[in-house]
Structure formats: C-alpha cells, structure tokens
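Below: the structure, in structure tokens.
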Amino acid sequence: MSKGLPKRSEDYSQWYNELVKKADLAENSPVRGCMVIKPYGFAIWEKMQATLDKMFKDTGHRNAYFPIFIPKSYLSKEADHVEGFAKECAVVTHYRLKQAADGGGVVVDPEARLEEELIVRPTSETVIWSTYKNWIQSYRDLPLKLNQWANVVRWEMRTRLFLRTAEFLWQEGHTAHETEEEARQETLLMLQVYTDFVQDHMALPVIQGVKTESERFAGAVDTYCMETLMQDGKALQAGTSHFLGQNFAKAFDVKFAARDGGLDYVWGTSWGVSTRLMGALIMAHSDDSGLVLPPKLAPIQVVIVPIFKNQEQLEAISVVASGLIRQLNELGISVEYDDRDTYKPGWKFAEYELKGVPVRIAIGPRDLENNTAEVARRDTSEKQIVKQQEIGAKVKHLLADIQDSIYRKALKYRDQHITDVDSYEAFKSVLETKGGFVRAHWDGTANTEQRIKEETKATIRCIPLDQRQEPGTCIYSGEPSQQRVIFAKAY
Numbered sequence: 157m158s159k160g161l162p163k164r165s166e167d168y169s170q171w172y173n174e175l176v177k178k179a180d181l182a183e184n185s186p187v188r189g190c191m192v193i194k195p196y197g198f199a200i201w202e203k204m205q206a207t208l209d210k211m212f213k214d215t216g217h218r219n220a221y222f223p224i225f226i227p228k229s230y231l232s233k234e235a236d237h238v239e240g241f242a243k244e245c246a247v248v249t250h251y252r253l254k255q256a257a258d259g260g261g262v263v264v265d266p267e268a269r270l271e272e273e274l275i276v277r278p279t280s281e282t283v284i285w286s287t288y289k290n291w292i293q294s295y296r297d298l299p300l301k302l303n304q305w306a307n308v309v310r311w312e313m314r315t316r317l318f319l320r321t322a323e324f325l326w327q328e329g330h331t332a333h334e335t336e337e338e339a340r341q342e343t344l345l346m347l348q349v350y351t352d353f354v355q356d357h358m359a360l361p362v363i364q365g366v367k368t369e370s371e372r373f374a375g376a377v378d379t380y381c382m383e384t385l386m387q388d389g390k391a392l393q394a395g396t397s398h399f400l401g402q403n404f405a406k407a408f409d410v411k412f413a414a415r416d417g418g419l420d421y422v423w424g425t426s427w428g429v430s431t432r433l434m435g436a437l438i439m440a441h442s443d444d445s446g447l448v449l450p451p452k453l454a455p456i457q458v459v460i461v462p463i464f465k466n467q468e469q470l471e472a473i474s475v476v477a478s479g480l481i482r483q484l485n486e487l488g489i490s491v492e493y494d495d496r497d498t499y500k501p502g503w504k505f506a507e508y509e510l511k512g513v514p515v516r517i518a519i520g521p522r523d524l525e526n527n528t529a530e531v532a533r534r535d536t537s538e539k540q541i542v543k544q545q546e547i548g549a550k551v552k553h554l555l556a557d558i559q560d561s562i563y564r565k566a567l568k569y570r571d572q573h574i575t576d577v578d579s580y581e582a583f584k585s586v587l588e589t590k591g592g593f594v595r596a597h598w599d600g601t602a603n604t605e606q607r608i609k610e611e612t613k614a615t616i617r618c619i620p621l622d623q624r625q626e627p628g629t630c631i632y633s634g635e636p637s638q639q640r641v642i643f644a645k646a647y
C-alpha cells in the first residue's frame, strides 16, 4: 500500500498530495478547487469536531446556524471587512435556469436576475451581526456566545487538499459582550481553548501570538493566532481568535441599554478553525510509510489482524479476538477486527500502517498455543509479545505513550528549528538552508514587513504573547526595535 509514496526528503509536496489520496482521506472533486472528503478522512474530522464542540460548550457557548447567502450590501457596511474579502467572494446573480433555444442543455435565464446579488459566505460576521441587532436590546441580553459549524467559500486560485480549497468546513464563533475587557478576555480564552486542543489532541506544539496589522483579520482590532511548524520547515496557522472591538456593532447599529441608563455599542469577538487542521495533522507527524495519527484522533485506535492458513484457525483466532475487543471496548478504545480472507496479512499490515492506526495486534497459530499476541506501535514500529489477558492494560498504556511521544517528537523538531538572527544576511541564509521559525528584530513598519516578504517570501507569523522586551535593531532597516518577532515561510 505505501510503496507508491514519494519520500518526504525528495518531494515533500508530492508526498503530502499522494498521502492524502492513498490513505483515503480526500480527493479532488469535479468542481475545480473543491474536495471530496472520504469516509476515513471525515471520521478524523468528526473526532476533531466532537472534541472541540464539547470544549466550546464547556466554556458557555451554544450552537446556532446562519444562512450561507449574504446580501452584497452587508459586506459594504464594514470597510476593512469588504476590502479584505472582496477578491475571494463567489457571487450569486441569478435564481433560475432554462432550456437553451437549440436544445443543447440549460442556460442562465436572463429574466431571473436577482435584485441584489448574494455572496456565498466567506465568513459570517456580517449576517450574524445584522441578526444580533434584533436579539440584543439590553445588557441583560449579554453576553451572547454562539458558534456555528458550517462550510464557507473563498475563491482560491491555487488549491491543495485540506490546506487551501475554494470550499472548506469550519466552525466560527461569534460573541457579543457588554464591555471591552470581557470581549478581550473571551478572545484570549478561545485562543487557549484552541491551543489546548491542538497540543493535547493533535499532539502539535504551538506558538501563541498576535498578528501584525497587515496580517490581521479584515475588520478586527486585534487578531491572535496559533502558529505550528510542519516537517518541511514551513509554518502553518492552526487557528485564529479576533477581538472585533465595536467595529461590527457600529456597522450594523447593534446597541444595548447599558446599566447606567445610556446606550452603548456591543463589543464583539469571532474565532475559528477549519479542515486545514487536517492538513496540519498529516504534515506534522506522518512519515514515508503513511499517516501517523495521535491516538486521541484516530478513528481506529487498534486493529486486530488474524494470521491463519485455514478456516479452523480463523475461527479459533476469532474467538480470542472477540474477547480482546470486549476487553478494549470496556476501556473506551476503538477496535477493528480485519478477518477478510481476500487480502494477505502483509497487505493488511501495510494498509493500516498507511492509514496511521496507532496499534496493531496480530494473532497467529503460535499465539493460540501460547496465549499471546504480537503488539506493534505505529509511531516507532516497535513490536512485543504480550499475554492476552494483559492486552487491555498494555494497549491503554501504549496509546497514552504514543500520544505523548508524538507530541515530544514534534516539540523537539519545533524547538530545534527556532533560530535567532541579528542580520538580514543570516536571516536569508537560515530561511534557505534550515527553515523553521526565525526570531528577528523588526522596526514595526508595514513597509519593512512587505519588503522582507517580497524578497524572501517569509512573513511575520506573529508577535509572541510570551515575548520579553529585548531592545535591538531591525534586521532590514537598522531602525530601533523593542522585541523579536517570528518570521517563517508558510502555507
């Protein structure tokens, strides 16, 4: 199964593309730039979704749903917002088709033009804040903390499965608050919720930071982010949380009766993660043999493969497997028993290795005699013989160790690829030869940021939240700087 994969060291991009397809995660759809998420890939997304959904609800958020279509005039109400998304919008102009005059198919009916064009949502701030105007009258209606699971469309020209597609799945939280302080606390709370998820469940270390003005979400006052590092030394933004100030409240006239009797505009936040997390999960951990999935997100945590020569042996192994499945299920561990006789064990081993199943248990005739089973872990390929009655405890410990080991490996790689530089020449050299995150002084100007981006393709990923003051000089302009920022080439 995995023999067709290119090596990461030879062609990382092709390795990723082939792995997504060969592991049955997703494929390109008939619509250019869109993808079909296959059942195995969607099962991983469902585990992500279920975990995040619980984390949102545990922090006081509720789910709702808003329309996929947004009146064009809504996007015009917040100037920065429309400027930020105008080039990515898909626009609905007509509402009917008709048979072509020559009988050669259907055409757009020119008589069915919409009075106002509709935008297929690139994000939902505008339609949600227009709704909040009707829901929020008094401070008693606040805070309002909603989330929606949805699809969005951003018309991308250069696409890649999961990482950048014209349509993708995501969640978007939208909250309204009585005070600036409360809204800012919400923004940072959700950044931490995302961080906990990515580190604890995806086994991927992050750097928390705030975006520069040029990288800020369109319409936000401040954008906070989590930056992660992939195995090819490129950064990937895993999620963002935005403090919107009163921008959208003012754009849609969302006021509330304050405690002092006056009227005030609501303070807002928005935050989201998408199926781009699937791309991060694949690129951060997988190897030349296929996926390496953290056990907490693996659809199948354990696969049991029987090794048999005849039906009698298979039946005997199946009895043992049934007992192991009960043992593991009682511990909350998901198990698949693959007793197909149309594929040989070696083929199955390669298939589950490709799909990143964390633990494989093999049972053969000798194991029946010895009351044992062979247990192999995906991340290191280590194998050991374990007594059948000890399988449950062993696998539970193994899954926890794999989860931790995958994180520690990613953390070690990330930390080895954070480099401090003090000159522009050293900066360019590290980007070309080593990659990763480069910590360097920046003078704080958009002009310098843009020039560095144009000359090196590296962007300021964030100004780290835990960054200490460290006076120095900008690597590009030589002007004074008070702290280092994180640069990297990115997806």
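Okay, so the sequence shown: first residue is 157 according to this note's numbering, each after it adds one.
Heads up, the beta-carbon is just placed ideally off N, CA and C, and yes, glycines get one too.
Source: prediction; values computed, not measured.
query	result
Based on the DSSP secondary-structure assignment, which residues constitute the bridge partners of Phe225?	Val276
Anyone know if the C-beta pair for Ile547 and Glu492 falls short of 8 Å?	no
In angstroms with no decimal places, state the Cα-to-Cα distance between Arg320 and Gln327.	16 Å
Could you give the first and the last residue of the continuous beta strand (DSSP E) run that contains Ile517?	Val515 to Ile519
Consult DSSP for Asn307 and reduce its assignment to one of helix, strand or coil.	strand
Name the DSSP beta bridge partners of Arg269, please?	His250
Residue range of the alpha helix (DSSP H) that Ile558 falls in?	Ile547 to Gln572
Report yes if the CB atom of Gln387 is closer than 8 Å to the CB atom of Tyr563, and no otherwise.	no
On the three-state DSSP scale, how would you describe Met439?	helix
Residues in its own chain within less than 7 Å of Leu345 by CB, not counting five upstream and five downstream?	Thr215
Starting from the C-beta of Asp236, find all residues in its chain whose C-beta is less than 6 Å away, skip the five residues before and the five after it, and write them out in chain order.	Ala374 and Gly375
Would DSSP call Glu369 helix, strand or coil?	helix
Apart from the five residues just before and just after Gln170, which ones in its own chain have a Cβ nearer than 7 Å to its Cβ?	Pro162
Could you tell me the distance, in whole angstroms, from the CA atom of Val238 to the CA atom of Asp576?	37 Å
If we count the other Cβ atoms within 10 Å of its Cβ and call it buried at 16 or more, is Ala566 buried or exposed?	buried
Please list the terminal residues of the continuous alpha helix (DSSP H) segment that includes Val349.	Glu336 to Asp356
Do you know whose CA, among Arg277, Val262, Glu234 and Gln255, lies nearest Val248's CA?	Arg277
Would Ser286 count as contacting chain D if we go by Cβ distances under 8 Å?	No chain D is part of this structure, which consists of one protein chain only.
Our contact map puts Ala133 next to Leu300 with C-beta atoms below 8 Å; I'd like the distance itself, whole angstroms only.	Given a span of 157 to 647 for the chain in the structure shown, any question on residue 133 remains unanswerable.
Report back the beta-carbon spacing between Phe225 and Leu274 to the nearest angstrom; my notes put them in contact at under 8 Å.	4 Å
With three or more beta-carbon pairs closer than 8 Å as the criterion, would you say the region 416-426 touches the region 516-533?	no
Is the beta carbon of Leu648 less than 8 Å from the beta carbon of Gly488?	In the structure as shown, the chain begins at 157 and stops at 647. Residue 648 is therefore absent and cannot be evaluated.
Could you compute how far the alpha carbon of Gln364 sits from the alpha carbon of Arg269?	46 Å
Just to check, is the beta-carbon of Lys504 closer than 7 Å to a non-hydrogen atom of the ligand GDP?	Among the components of this structure there are no ligands whatsoever, and the ligand GDP is therefore not found.
How long is the line joining the alpha carbons of Ser165 and Glu174, rounded to whole angstroms?	14 Å
Do you know how far the Cα of Thr343 is from the Cα of Lys609?	28 Å
How would you label Met313, buried or exposed, when you count the other beta carbons within 10 angstroms and need 16 or more for buried?	exposed
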